[in-house]
Structure formats: C-alpha cells, structure tokens
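Residue numbers (our numbering): -17 to 473.
First the structure, in the form of structure tokens, and then the observations on it.
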Amino acid sequence: MRAKLILPALTEAKSPFFRPVKYSLFPPLGLATLAGYLDPEDAVTLTDEHVEQVELNDDPELVAIQVYITSARRAYELADHYRARGAHVCLGGPHVTSLPREAAQHADTVFLGPGEDTWPRFLADFRAGAPARTYRSRDRTLAGHPLPRRDLIKRHLYLTPNVLVASRGCPHSCDFCYKTPFFAGGKGFYTWAVEDVLTQVESLPGRHLYFLDDHFFGNARFAAEVCEGLVGMGRVWQAGGTVQAALDRPLMEVAAKAGLRSLFIGFETLSEANLRGCNKPQNLHRDYEAAIRQLRDLGIMVNASFVYGMDEDDASVFERTVEWAVRQGVETATFHILTPYPGTKLHWRLTAQGRILSQDWDLYDTRHAVFQPVHMSAQALEDGYWQSYRDFYRWSAIFQGAWAKTAWPGRLRHLALAGGWKKAEPIWDLIIRARRLPGVQPALEALLDRSGRRANGTGPVQRSVGGGLDLVEDRLRGGGQGDLAQPVLHR
Ligand code: B12
Ligand code: SF4
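Below, the structure is given as structure tokens:
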C-alpha cells in the first residue's frame, strides 16, 4: 500500500513574516507513531509542511492528515485535493476530535482522540475493504504497542529532533485545555512502560531529548523510575510539568541527576481567583517563587508560561506579570491569550455567555483575542500581550532578571539565553533557511549539560551515541555562545 502522512502548515506559515524558528523545533511525533502500525512492505512517506513542500502530484492510496485548529484550513485543502485524486483520506488530531462533523466534510474517515487503538482497527478494516466513517478511541494503553517510525523523520530539518513522550494526557482537567475533550471516553492519563521509554531513549542519537508530555511528572512514581533509568545515560533533556511537581524536592533531585535541564511550567496566572475560575486547583496556594528557587538550585532552568484574559484580569495584569517574572529571574517566558478551543469547558461557558467574537480558526493561535474579556477590550488584551513580550525581552529586563541570580555563571547563562534565543531570532531564521540546524545541536547539548552539572554536582557525563561533545565543550568554554536551551513551547 502507498500511504502518505502529512502535518499541514498553519496558515501563517505561508506569510512572508513567518518565523520558521518555532516550527523547526519538533518533528511530527504523532504521525511517526501512526506509521509504526503500517506493514514493513507498505511504501510510506511523512511530510511536515512547516519545513518542506508537499508533493501534490503523487498518487497515494491512503492519506492521513493531522489537524490542529490553526492548520485546519490547510488540512482541509490538502484533504480535498487527495480525495479528488482518488485517495482514501483520514483526518485526526485535536481539532477533528473537537469538531468531527466539520472535518467529515473533507474526509473519508475521521478519528476522535488518540490513534493507538483506532488507527490499527481502521487499517485492518481498510485492508479488508470495509473502512468505517468514524473511529472513536476507547482503549487507552500503550502496552505492547509499536514504537514510532523514527526512520521517517528528516532529522536534519529540526533543532530538537529527539522528541518522545513517556505518557499521554494529564491527570488534571483545566477548563481551557485540550486535554479533557481530546481524551474523553477513556483514560485521560496513561504511560508507556518504563522499559519502553528507556528503549526509545537508547535508540536516539546525540544527547539532547525533549519530552513532549503534557505533564511529564503526572505520575510521580513512574516519572521517578524513568529518571532513575536515565541516570548515567549521559542525556540532557527538557520537559513540561506543573508547579506542584517543581516543588517536589526528591522528584526534582532525581530528575536533575537524570539530566533535566529546563522545565516548561504552566504558572498561567498570579491570581487565585483566576485559578479557581479556570479549574486549576493544583496551582492554588503553591509557592511559585519557591518552585523557581528550587529548580534554580538544582540547575534546572524555567520556561514560565502565562495566560492572559481570564475573568479577573484587567489592563494591569500585563505589567504585573512581567514584573514578577523578571524579578524571579525567570530565563524565558511564553505569554498566551486565553483561547477557547472548541470542545473545552471554557468554550462552552463563553458561548453560553455570548462572548465568542470569532469562529475563524486561523485566529485561535493564542495571539488573538477571539472572545470578549470582562475587564478590558479585546484590543487591549492583544496590545497587552504583545507589550509583555517587548517588556520581558528588553535589555534592561534581561539584565535585571540576570542579576536576580547571585552567582556569575547563572547571570551569564541568563544573558546568553535571553539574548541568544529571543533577541537573535533573525539569525536563527537564517540558520534554518540555510539548513544548518544539525550544526548547532551539539552546542545546545553542551550548554544544557554544563549549566546543570555545575549546579547539581553530577560528574562528567558518559558519551552516548553521537559523541563528539568534548570538542564542542572546549570551544564553548570560551563563553559567549548563543543558546537555544529553552525552545518555546506552549500549553
Ligand atoms: C509539539 C507541539 C507543537 C509543535 C510541533 C507539533 C508537531 N510537530 O507535531 C509546535 C511548537 C510547532 C506546535 C505549534 C502549535 N501548537 Co502545538 N503542541 C505540541 C504538543 C506539546 C505535543 C504534540 C505531540 O507530539 N504529542 C505526542 C503525539 C504522540 O501525539 P499527537 O501528536 O497528539 O498524535 C496523536 C493523536 O493526536 C492522534 N492523531 C493525530 N493526527 C492524527 C491523524 C489520524 C489520521 C489519526 C488516525 C490519528 C491522529 O494519533 C496520534 C497518536 O496517538 C501538543 C500537546 C500534546 N502533548 O500533545 C500541542 C498542541 C497539539 N498544540 C496546540 C496548539 C494550539 C498549537 C499552536 C496553535 C500554538 C501557537 N500558539 O502557535 C501552534 C500551531 C500549530 C499548527 N501547525 O497549526 C494545541 C492544539 C489545540 C487544538 N485544538 O488544535 C495542543 C494540543 C496544545 C494545547 N494544550 O493546547 N505545537
Ligand atoms: S493545562 Fe496543563 S495541567 Fe491543566 S489539564 Fe492541561 S496539561 Fe494538565
């Protein structure tokens, strides 16, 4: 069988103002996962339109497209194109799960929820000549499932090609998050076996890993076991987790020892009323500042994520939030405008209140206000959002954040990080367009490694597959390197 898997580009990717840096970070792990269920004799291609052109003149028999809300328009175009050419077109992913009827107008088959149970069922039906129109995920386990087909990932097109997940979903249920609707109808949080995670790690070249789990520490015991297995493997890695996890000293100690060097944390808001309003009790009464201090002690950098536009926010929220983050010495921050993804509780509530302003999915990118906020205008929300980025990444704030650290190495790292990542975006864009990303990966690994080792006292790391880092470290010792230690994620 000839199968084609596509991650369509979001609409803005076609704009001349497109910043390729964000979309050259992670390869499409979900589609590589689906490819794992195909037969070895199937001819399969995987195309990520953010980093390469889609060949439109081919004739696959089966086309599978992953649909995010902001790429829905392009996904439907591609789906219509391949249906017109006679292919059987399958659509799945978060947006299809939220709006299956919309997606079904462009597909032969739609999939709701994760694909590990539905996709193999579909493949059997398709080969038997009787595919159904809709498959809904029910059985949530990863036990005994094939590993993702990493051979299909064009590693040289990505800065962080070693992506993996140890778990799926999240034990929490925040009202604005995709998690609850996407995992409806079955378990909302489950994990790979520890051994399977470590086997995947062993198969990955180089040293850097990015765990794309919604909440890597969602099951503390499981996460600790994975970390114990990673100790001594010489890896440096990044992941996402909650404030609650960051405050768990023993867990963070073993994670740091295992190579965790930066943690993406959803602080979301500094207001307790907002936390209650969005059903995020796990952040309530947590000492955010203590969490940041603890991570810093252990050599784990913080990528702090904030959401603007919750019901208690007024126009003062932007300045207060940025000022707080700078004062804490947070290395990188991502700001988001609250976005009511269809299917979420937030969406139902705002719809019932008549506050949704736009149904243009292209605008559901967390940079546009698509609903009416309570204490400010939609325009003020957008303006404040952009102002926050400018304020957080202005040089005076970068210096102030750096000086929140007591020692020089931390200060220099902060300067390199904020300056090297956010301020040097045009340079990264040039590197990407020149297809030179693999050249900078060792620098990323070395920098992450050195920053954490200094803080948590782990000895020289073992060399893993790929090696060659000693040389890079020697070069880096002179200092002054730009840094990509905190690729921008979002939640
Ligand atoms: C990494 C990531 C990115 C990366 C790249 C994604 C990539 N290369 O795949 C980057 C940074 C580029 C990115 C960008 C954005 N992202 Co993003 N991203 C993620 C993240 C953290 C991990 C994705 C992943 O690899 N998961 C693990 C794999 C194994 O699962 P999966 O990809 O979901 O695939 C499974 C299923 O979805 C399903 N499936 C998917 N497609 C199909 C197709 C078929 C036919 C079938 C059968 C099954 C199927 O089967 C797969 C196996 O179970 C998720 C959150 C999460 N943890 O999933 C958010 C997430 C997908 N992103 C999201 C959003 C909103 C965005 C942005 C709009 C954010 C922004 N502000 O710019 C942009 C736009 C992207 C676009 N193209 O339009 C939302 C999607 C919401 C929605 N309703 O669509 C999520 C859920 C985060 C969130 N909590 O809000 N993202
Ligand atoms: S926002 Fe974070 S903590 Fe809340 S449900 Fe989503 S992944 Fe879990």
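The beta carbon of each residue, even a glycine, is placed where N, CA and C say it ideally should be.
- Residue environment for G111: exposed (fewer than 16 other C-beta atoms within 10 angstroms of its C-beta).
- Remark: the C-beta of Y290 is outside contact range of the ligand B12, defined as less than 7 Å to any heavy atom.
- In terms of CA proximity to E313, Y375 leads the group H190, Y270, Y375, I338.
- For S155, the distance from the CB to the nearest heavy atom of the ligand SF4 is below 7 Å.
- Following the DSSP letters along the chain, one finds E250 inside the beta strand (DSSP E) bounded by residues 242 to 250.
- Rounded to whole angstroms, F8 and G402 show a C-alpha spacing of 19 Å.
- Ranking G291, R309, G383 by CA distance to the CA of A351 puts G291 first.
- DSSP places H190 inside the beta strand (DSSP E), whose first and last residues are 190 to 193.
- The beta carbon of F317 is closer than 7 Å to those of F288, Y290, Y367, S370, Y371 in its chain, skipping five residues each way along the sequence.
- Here the C-alpha atom of G421 lies approximately 14 Å from the C-alpha atom of D411.
- By the criterion of a C-beta distance shorter than 8 Å, W343 is surrounded in its chain by I51, T52, A54, R55, H77, once the five residues flanking it on both sides are discounted.
- The continuous beta strand (DSSP E) containing R150 extends over residues 149 to 151.
- Between P324 and L81, the C-beta spacing is below 8 Å.
- Placement of the Cβ of T224 at a distance of less than 7 Å from at least one heavy atom of the ligand SF4 is found.
- Leaving aside the five residues that flank D99 on each side, the residues in its chain whose CB is nearer than 7 Å to its CB run, in chain order, S119, R120, D121.
- Residues S155 of the same chain have their beta carbon placed closer than 6 Å to that of T162, with the five preceding and five following residues left out of the count.
- Remark: the C-beta of D230 is outside contact range of the ligand SF4, defined as less than 7 Å to any heavy atom.
- The residues S6, P9, D30, V33, E34, R417, L419, in chain order, have a CB closer than 8 Å to that of L139 in the same chain once the five nearest residues on each side in sequence are set aside.
- When secondary structure is reduced to three states using DSSP, Q48 falls in the strand class.
- One alpha carbon belongs to F246, the other to L229, and they sit about 14 Å apart.
- Distances from the alpha-carbon of R150 to those of D279, G223, L134, Q87 put G223 closest.
- Sequence-distant partners of L(-8) (beyond 5 residues in either direction) whose C-beta falls short of 6 Å from its own C-beta, in its chain, are T52, S53.
- Between the C-alpha atoms of L146 and C209 there is a straight-line separation of about 14 Å.
- In the displayed model, Q382 falls within a helix according to three-state DSSP.
- L38 counts as exposed, since fewer than 16 other beta carbons sit within 10 angstroms of its beta carbon.
- Across the set F204, G281, D157, the C-alpha of G281 shows the shortest separation from the C-alpha of V218.
- With a threshold of 7 Å, the Cβ atom of P355 does not count as near the ligand B12, since no heavy atom of the ligand is closer than that.
- Closer than 7 Å to some heavy atom of the ligand B12: that describes the Cβ of D196.
- The C-beta of L328 has 16 or more other C-beta atoms within 10 Å across all chains shown, which makes the residue buried.
- If you draw a straight line from the Cα of Y58 to the Cα of A85, it is about 7 Å long.
- According to the DSSP assignment, D99 belongs to no beta strand (DSSP E), since it is labelled neither H nor E.
- The beta carbon of L124 lies closer than 8 Å to those of E98, R150, Y172, T173, W174, A175, D178 in the same chain, with the five residues before and after it left out.
- Measuring C-alpha to C-alpha distances from A166 to each of R131, I(-12), S340, T326 identifies T326 as the nearest.
- Boundaries cannot be given for Y346, as no alpha helix (DSSP H) includes it and DSSP labels it neither H nor E.
- Taking a 10 Å sphere around the C-beta of I409, we find fewer than 16 other C-beta atoms and assign the residue as exposed.
- Ranking R302, E254, D296, R309 by CA distance to the CA of I274 puts R309 first.
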